[in-house]
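Protein chains in written order, with the numbering used here: chain B, 1 to 286; chain D, 1 to 286; chain G, 1 to 286; chain H, 1 to 286. For glycine and all other residues, C-beta sits at the position ideal for the given N, C-alpha and C. Here the structure comes first, spelled out in C-alpha cells, and everything after it is commentary.
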C-alpha cells in the first residue's frame, strides 16, 4: 500500500453534489496525472462527500504547484482538501510518561521504515525514558507537570513542539490531560491511545474498571484528542479475550500489546492521509 | 468436550482452604469414580475457591445417590455445589419478541443436538413467531405486555414457565424489561443477549448509539439477568469490525450473526454446567 | 450498504491505461447519473485495472438501456463488465448432501432479506433434507450420485438448474466433486464452502487432518469452484481457535458456525456484485 | 497468572490410570503444600494423562528437595515430570539473521519483565544485529554459515550455547535450517516462528506463496523445531486479514506484528511450563 515516489494524496470533504467523482478525476486526467487509488464515501444522513485520491503527478509539473492547483480547484467545488506530497515526511513528536511499550514500539517501527514520518522529539512529564530516547538519538525534554504548574508546563510544551516543527503529536501513554487552550494553541492533530474499548471505561484506571465489571474482552482505542476527555473521534479499536483467570496485572500486561498495535495502526493511517475527522467520527480510507 | 453417558458434573465454590483439590479428588477416587476433567480457580482477592469437576460414577452406584452424597460431602467442606447428571437434559424456555434470528438459531442448534436441553416452550409479547414455533412443534404462548398490564402479564409468564418446568429462561431478543419481583419469583436463571459490548451502550437502541459515537467495532454480550438493566454477570462477549461505510441498518444486520453466536455459546456453557456467577462476575470453565 | 432502488452496479476489469477512472465517471456524469460508490484496484504486477461502480440512473433513462450503453462504452475501452440492476434478484440454486447447517442458514438469511436473490430450488444426492425444503416452500430434487451414474446424474442436475434458471449455484456442504464438463456446461458460477483454511487440508476429512496435525486454529474457505479440487479463487476465509481439549467431534461442531458465516458472506458479496475472479484469485470490493 | 515466589510448577504425562488427580493432589496436601492451580487433560484416543500443577511448597521444606521428592513420586506412578521452581529463570539464547523485529520484541518484553528468563546471548549468521545486541548489553556472536561450513558452524553454535548454559533456544527469524544432528547434540528445546499458518505454505518465502494463492488471511506459527522442516509440534498460531490490495511487501509488513506476538506468546508459555509436546502435537495449559 506504500505509495511510490512522486505522488499526491488528497483527502477531500464537502457538501455532496452530482458529478464530484467525475470532476476530480477529470481534472487530474486533463493535466496528465494518473490516478493510482481513489476511494469515496457519502454520509447520506448529513449530505457530505468524502474522497481520498492518490495520483502520480504529470512529469512536467512540480508537486507543490500541482498541490496548490488542486487545492484551488477543489475549493472552487466547495470542498476542503488536505493534500500530502508523497515525498514529505511529517514531523511527529511523542509525549510519554513512564510506560515505555508504545514509545519503543513506535520508534522501532519508524526505524524499520513502517512509519512515513520524522520523529522529531520526545516530551515527558517524567525523566524515566530520557536515556532510552538518547539511545535512539532523539531529543528528549522533561517538563514536570503539577496541578499548579500546568499552565506553565503547557506553555513550555507548546514552545518545544513548535521549535521541533511538530505536525502531529502522539500521546504514547502520556498520563496527563491536555487542556482545551493547549489544543487550540497547538493547532496540530493529537492522537491518543486509551487503554479501553471506548466508550466503555473512559477516564482513569480502565483495566481496573474492566476487571471489576468482569468483562470478557478488553480493548484499546486510538482517537484524536479533543477538549472532552476520551471523547474525540475514534480512529481505530481492537480487543482481546480475557477470562476470570486474569487479574488486573494480567489485563495490564495483555493490554500492552494491544495498545501498541492499535496506536501504531492509527498513526500509520494518519500519516498516509487516510483519516478524516468530522464531527464526533472519522472516515478511515484503509 | 461433550460428556459421555453416566457422568456427574459438579460446580463448586466456597471459602478457600488448603487441600480442597485433594479432598474432592480423594473422595471421588475412594468411591471408585474416575475424574475425567477437573478445573479450579482461586479468586485471591476475595479468598474464594471455584471448581468444576466431571467424573464417571462407579458402576455399582446410581447417579442420583452419588450426586446427593457428593453434595453432602462438599457442604461439609463449607462449599456450595450445583451438580448435573450427564443424562439430564434441562428444560429451557425461550422468550422472544419480533426478531427471529436468535429464535431460529437456538432451535436449529437444539435440533442438531448442539444444545443439551429440552426446549419446552416459547413465550412472546407479540404473536409474530407463533407459526414458526408451531412449525418446529413447540408450544407458543402470546402474552401481550403493556405498561398497565405488566404485573398481570408477568404472573401469566411465571405460570407458564412453571407449567413447562423451565429450569432456564433464555431471552432471545425479548424486548421487555423483567421486573425484580418476576426474577425473584421465577427462581431460575435467565440469560439475555444484549446487542452491544457492555458496559458500552447499555439500554435502548445500542446500534444507534454505536453509530452515533463512531465506534470501529460493535459487540454483543450474553449475561445473566438481574434486577438492574444490562448489569448482570457477563457470560460471553464478542465483537466485529465496522467502518464509516456502515449505516445503522448495516450494524443491525451485521450484529445479528454476532448475537446468535454469542447467545448460543453462553447457553451452551450454562447447560454444560460451566458457568458460575458470583457477585457481578462469572467464572467460565470453558 | 444495501443499494437503494434504481441503481446500476458494474464490475469492470481490463488492461490498465491512464484516465480510466475519469472516463467511466465522466460517462456517467454526462448522462445525468450520480455515482454512489466507486472503488478501484490496480494489479501493478499484471497491469490490470479493476473497478466496482454503483450509480443512480438518470430519471429519464430505463435501466436496461443504460446498462447496455455502459457495457458498450466499457467494451470500447477494452474492458469487460458485469452489470447488475439493483432491482434484479438473481436466481440461486443450492446443492446439498446430508449436513443441514449451511442449508438452513442461507434460507433463513434469505427469508430475513439479508440475501438479495431468489432461491429457486435445492438439489441433493440424498433425500434427507427434502422435508425441510418443503417446509420452506422450496422445490427439492433428489438425484442420487454413484460412481457409475455420475455422468447421468450431472446431466439431470444441469437439466434442473437450467429449468430453474439458476444464475448462481451454491454448494452448501455438497459432498460430491463436480466434474470439469459439468462446470463448463453449466456456464454459471459455483460457490463452495470448504471446511478448512485452504490451502491447508484440501480434500477429504479436513477436520480429521487438522486434528492430527495439532493446529491451534481451524478455518473455513468459500471459493469459486474450478475443475481442480479445492483450488478455485478464494472469496472469503475465517478461523476460530481450538486447543488440545477439542476432539474431532468438537472441531466439526465448532466448524459449523464458521462454515455458515463464511459461506453466507461470500454469497452475499457475490450477489452484491462485489467479487471479481481473475486467474487464481479474487478482488473483493467489500 | 504470574506465579508468586516459592512455588513449584510440574508438567506431568504418562499412561492414564484411575486416581491420578487424587494421588498427586493427595501427595502435595499430605506434605503441607497448597495447590494454587491444577489443570488436567486426557487424550482419550491414546490413553495419555497430562497435568500441570502449581503449588506453594510447605514452609519447612526447601524447593529442590521438594522437586526431587515429587519427581520420584510421579516416576513411581509411571509418569514423566518436568518441574520448574518459580524462582528459577531459565537461560534463553536467541538465534537471528537480519530481520530484527522479533529480536527487539523479545528483548524489550524481557526487559519489561514480561518473560521470566535470562537472555544469555545472541547467535547470528549475519553481523547486522551486533550493534543492537551490544546496546542491550547482550553477548553477540557472529557465526557465518555457508553450505560447506555448516557442520563447523553448527559445532561452534553448540559450543557457544553450552558456554552460555542455554536451556531454551529461540529462533527469532533465523533463516537457516538446523540439522538433525545439531538438534540431537543440543538436547534443549528450540522454538521457531514460521511466517505462515502451517501446514499451509511451509518452506521458503511463505508470504510470496500466500500472495500467489490469493488467501484472505495470513498467519504465523510458533512451533518446536524437529529434524523435519516446519513440521514440529505447534505451540501457537494466529492470523490477520489481508485483501487483494495488499502486495507481497504489505504481507511482509503486516506479518511482522503477528510474528512478534505469536512467538512471544509461545516463548512465554514455554517459560511458564505450560507446554507439553507429545508426538506431533502440544498440550498447552493456558
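Test: residue i CB closer than 9 Å to a CB of chain G
i                      : result
residue 1 of chain H   : Because the pLDDT at residue 1 of chain H is just 37, under 50, the model does not fix this residue reliably, and the value given afterwards should be weighed accordingly. Chain G, which has no Cβ nearer than 9 Å to the Cβ of residue 1 of chain H, makes this no.
residue 274 of chain D : no
residue 76 of chain H  : no
residue 281 of chain H : yes
residue 29 of chain B  : yes
residue 138 of chain D : no
residue 116 of chain B : no
residue 253 of chain D : yes
residue 200 of chain H : yes
Contact set between residue i and chain D, taken where Cβ atoms lie within less than 7 Å
i                      : result
residue 39 of chain H  : 39
residue 257 of chain G : 261
Residue i, DSSP secondary structure in three states
i                      : result
residue 202 of chain H : coil
residue 2 of chain B   : Its pLDDT being 38, under 50, residue 2 of chain B is placed unreliably in this model, and the value from its coordinates should be taken loosely. Coil.
residue 177 of chain B : coil
residue 225 of chain H : coil
residue 166 of chain D : coil
residue 278 of chain H : strand
residue 255 of chain H : helix
residue 73 of chain H  : helix
residue 149 of chain G : coil
residue 268 of chain B : helix
residue 210 of chain D : helix
residue 89 of chain D  : coil
residue 246 of chain D : coil
residue 298 of chain D : Residue 298 of chain D lies beyond the residue range present for chain D, which begins at 1 and ends at 286; the question has no answer from this structure.
residue 40 of chain G  : strand
Nonlocal neighbours in the same chain, by C-beta distance under 7 Å from residue i, ignoring five residues either side
i                      : result
residue 109 of chain B : 115 and 264
residue 283 of chain B : 41, 50 and 276
Contact set between residue i and chain G, taken where Cβ atoms lie within less than 8 Å
i                     : result
residue 26 of chain B : 22, 25 and 26
Residue i at chain B interface by Cβ criterion, 9 Å
i                      : result
residue 182 of chain G : no
residue 35 of chain G  : yes
residue 46 of chain D  : no
residue 220 of chain H : no
residue 170 of chain D : no
Within-9 Å CB hit, residue i to chain D
i                      : result
residue 104 of chain G : yes
residue 100 of chain G : yes
residue 18 of chain H  : yes
Proximity test, Cβ basis, 9 Å: residue i and chain H
i                      : result
residue 223 of chain B : no
residue 4 of chain G   : Because the pLDDT at residue 4 of chain G is just 46, under 50, the model does not fix this residue reliably, and the value given afterwards should be weighed accordingly. By this cut-off, residue 4 of chain G is not an interface position.
residue 52 of chain D  : no
residue 112 of chain B : yes
residue 189 of chain G : no
Chain D contact residues for residue i, given Cβ-Cβ distances below 8 Å
i                      : result
residue 135 of chain G : 135
Close beta carbons around residue i, own chain, < 8 Å, minus the five adjacent residues each side
i                      : result
residue 59 of chain B  : 32
residue 286 of chain G : 269 and 274
residue 247 of chain B : 211
Within chain G, partners of residue i - CB distance below 7 Å
i                      : result
residue 245 of chain H : 41
Proximity test, residue i beta-carbon vs the ligand NAP heavy atom, cut-off 8 Å
i                     : result
residue 71 of chain B : Questions concerning the ligand NAP fall outside what the structure shown contains, since it holds no ligand whatsoever.
Per DSSP, cross-strand counterpart(s) of residue i
i                      : result
residue 124 of chain D : D:96 and D:142
residue 56 of chain G  : G:7 and G:34
residue 118 of chain D : D:91
residue 81 of chain H  : H:12
Neighbour list for residue i in chain B, Cβ cutoff strictly below 9 Å
i                      : result
residue 284 of chain D : 216, 243 and 244
Residues near residue i in its chain [Cβ-Cβ closer than 6 Å; skip 5 each side]
i                     : result
residue 93 of chain H : 120, 121, 161, 164, 166 and 169
residue 82 of chain D : 11
9 Å Cβ cut-off: residues of chain D touching residue i
i                      : result
residue 108 of chain G : 100, 101, 104, 105 and 108
Listed by chain order, chain H residues near residue i by CB distance under 7 Å
i                      : result
residue 350 of chain G : Residue 350 of chain G lies beyond the range of chain G shown here (1 to 286); nothing can be said about it.
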